[in-house]
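The structure under discussion appears below in the form of C-alpha cells.
Residue numbers (the working numbering): 5 to 625.
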C-alpha cells in the first residue's frame, strides 16, 4: 500500500456532534492494487531484477508522477472529495510504503521498507517494549546520531561524521537508513576491535546479531521515520526474538476452515501436544478478577480498564501527549476501545460507554450477574448462557465398580456433563482414568461454555454453512388486480422463533455428517423437488436444507414427496424446544421490574426487543 501525502480540509457544515473545523490537516491517502489497478506492476517495473519491495529505499523515478496522474489527472491538485471534506495533494509531504504478506504458518507479516529515520517522535503502542525506551528516543532532531552517541559513548559530531562516511555519497538530508547504520557498526568494530551486536525491530521483522561478551550491544526500533533507542538495562531485548508455534491450531484444520469460529475451549483442548484441561482450568485466568470488576471513568493514562462518554476526545488527548494507542473498531466509522501498553504486565484500556449502559447495569444486578461494560448483544449472550446453565449439583463419591472398565469406582460420571447440559444428567459410577478419557472426548465434540453451539467439520461447513441462502418470501394480503394492498408485520417474530421453534435445537459436532435418507424424518433434510414457482409462496424455496417442521408441512400438503428428500442430517444432541423459553422469560420479568421502578415503558420494551434480536444476530441465526 502506498501512502500519498495529502491535506484534508473540511468543507461541509457541522453534522451532529461533529463541529465544523476549517483548519487543514496533514494526513495520507492510501492507494492499493484494488483501488488503483496496475499500481504494483508499475512499481515493480522500476525496481532492479530480483529486488523486493522491502529492500526499496526510495520510489523509482517517475513513479510518484504516475500515481499523481492516476489520482488527479496531472501533477498535483485534488485527490478525492467526500460529502463534507476534500483531500488535496501535498507536494511537501513524504511518501510511504507498507507491505503485508502471509507466511508459511498463515500469520500476517507487516514489512516496512528501510526508510530514512528523522521523523517526529510519537510513542506508538505497537512499538515492542516501548516502556523501555531511552530518553534519547524522544529527541526531535538527530535521533540517529544522538542514539548512537549514547549507546557507544561517543560524541554526537563524531557519529555524524562516521555516518556520512557510511552513507558513501547517498543523500542523507532526510536521515539515515538501517543499511547506513550497519555500515557504521562495522566501521566501529574495525576501529575498536570489539564487535557491535544489535537488534533492530522493523514492524513484525527482527534483524539481529548475537551479543558478544565484551562488545557493545544496541537495540532500537525503526518506526515512522524515527529511531527509538532502548535502554541498556532492558534485559528482555537481549533474548533471541522467536515466535512460538501455535500448536493448538494444528489439529483444528480437520474440523473447520474458519478457525475464528472455533470456541476458545475447543481450540485449547484439541492440541495434540497439550494436555486436556478442564473447563475450570481454562477459565481460571480469564475470570480470576471478574466478579469485582469495577467500571471506572477515565481520568488519565494509568494502568487499568476505564470507560468514557467521548472516546474521540480521549484519543486526541493521548495523541497530544505523544502516545499513539491501538484502536479496536466497532465498525468502519466508529472506534470501540483504545489500548495503550504501559509495561510488560500493565496497560491502559479505555472503552466507550455502551448505548444502554444504565439499563444493562440494572439488568445485570437483577440477574445477579457481573457487568463489565459490554454492549447489548454481548450481555444478552452472557445472560442467556448463564440462565441456560443448570447449577452444578453436589454428589457423593460412588461406590461399586466402574461401568466402563469394571475397576473400583472413584468418581461420578454425569452423562452428558453438567457443564454441557441444560437438563438433568444421568449419574454413573466411574474410575478416575475412564472419567478423564470421557472429559477429553467430550471436549472434542462441543463447546462446554455454550451448550447450544455447533462445531462443523470442513465437509459439513461447505455443504451447509457456505450454501447460498434464498431470500425470504413476502406474503401480500391482496388480490393481484387491486392497486391497494395490506402490509403485514409479525410482532416479535424473532423472539417467538427463539422460544417456540416447533422442534428441538440441533447441536452438531465435528463427527456429525449427513447420510442417506432415513425412514424417520431428520431434523435437517436436503430436498430437491420439481415444483412450480408458485410453491415459493407456500413454503418451498427451491432445493436446499429444510428444517423438520417446514418439511413436515410440505409433505402433508403434497408440495413435495418423500422421494424428493436426498439427504438426512442428525445432530449429536437435540435440545428441547423450550430450551430458550425460561431464560427469555426471566429477562422479560427483570426488564418489566426495571420499567416499574424507573418508569421508561416505551424505551424499556424497545430495549427488551433489541436484546433478543441482537443475541440472535450475534450467534448468526
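Where is the CB? At the ideal position from N, CA and C, for every residue including glycine. Bear in mind that the values here come from a model prediction, so they are computed numbers and not experimental data.
Could you tell me the distance, in whole angstroms, from the CA atom of residue i to the CA atom of residue j?
i           : j           : result
residue 309 : residue 229 : 31 Å
residue 321 : residue 366 : 31 Å
residue 588 : residue 567 : 39 Å
residue 273 : residue 511 : With a pLDDT of 42 at residue 273, under the threshold of 50, the predicted position of this residue should be treated as unreliable, though the coordinate-derived value follows. Approximately 19 Å between the Cα atoms of the pair.
residue 301 : residue 417 : 47 Å
residue 163 : residue 357 : 51 Å
residue 339 : residue 86  : 20 Å
residue 579 : residue 227 : 54 Å
residue 619 : residue 585 : 14 Å
residue 364 : residue 603 : 15 Å
residue 11  : residue 608 : 46 Å
residue 466 : residue 576 : 19 Å
residue 532 : residue 493 : 30 Å
residue 218 : residue 386 : 57 Å
residue 207 : residue 442 : 45 Å
residue 324 : residue 317 : 11 Å
residue 70  : residue 330 : 33 Å
residue 516 : residue 88  : 53 Å
residue 36  : residue 103 : 10 Å
residue 180 : residue 147 : 10 Å
residue 160 : residue 153 : 5 Å
residue 299 : residue 305 : 16 Å
residue 172 : residue 205 : 24 Å
residue 595 : residue 495 : 18 Å
residue 503 : residue 458 : 19 Å
Tell me whether residue i sits in a helix, a strand or coil according to DSSP, three-state version.
i           : result
residue 356 : strand
residue 605 : helix
residue 572 : strand
residue 318 : helix
residue 468 : helix
residue 225 : strand
residue 14  : strand
residue 161 : helix
residue 99  : coil
residue 339 : strand
residue 461 : coil
residue 184 : helix
residue 312 : strand
residue 542 : helix
residue 506 : coil
residue 517 : coil
residue 456 : coil
Is the Cβ-Cβ distance between residue i and residue j less than 9 Å?
i           : j           : result
residue 555 : residue 529 : yes
residue 214 : residue 200 : no
residue 549 : residue 468 : yes
residue 100 : residue 192 : no
residue 434 : residue 408 : yes
residue 94  : residue 9   : yes
residue 234 : residue 344 : no
residue 524 : residue 571 : no
residue 370 : residue 614 : no
residue 15  : residue 90  : yes
residue 158 : residue 222 : no
residue 547 : residue 558 : no
residue 203 : residue 212 : yes
Can you tell which of the options has the C-alpha that lies nearest to the C-alpha of residue i?
i           : options               : result
residue 62  : 98, 53, 77 and 169    : 98
residue 353 : 580, 9, 332 and 439   : 332
residue 621 : 383, 439 and 74       : 383
residue 414 : 517, 436 and 432      : 436
residue 126 : 605, 232 and 169      : 232
residue 48  : 298, 64 and 34        : 64
residue 500 : 581, 438 and 564      : 581
residue 33  : 75, 52 and 209        : 75
residue 31  : 526, 506 and 96       : 96
residue 149 : 41, 175 and 184       : 184
residue 368 : 617, 464 and 592      : 592
residue 390 : 57, 456, 440 and 411  : 456
residue 392 : 583, 319 and 337      : 583
residue 145 : 170, 177, 155 and 172 : 177
residue 507 : 526, 496 and 82       : 526
residue 590 : 569, 600, 606 and 612 : 612
residue 462 : 430, 514 and 412      : 514
Strictly under 9 Å for the Cβ-Cβ distance: is residue i near chain B by that measure?
i           : result
residue 318 : Within the model displayed, chain B is absent; a lone protein chain is all it includes.
* Asked: Is the segment 128 to 142 touching the segment 339 to 358, taking contact as three or more C-beta pairs under 8 Å?
  -> yes
* **Touching by the beta-carbon criterion (3+ pairs, under 8 Å), the segment 376 to 383 and the segment 147 to 165** => no
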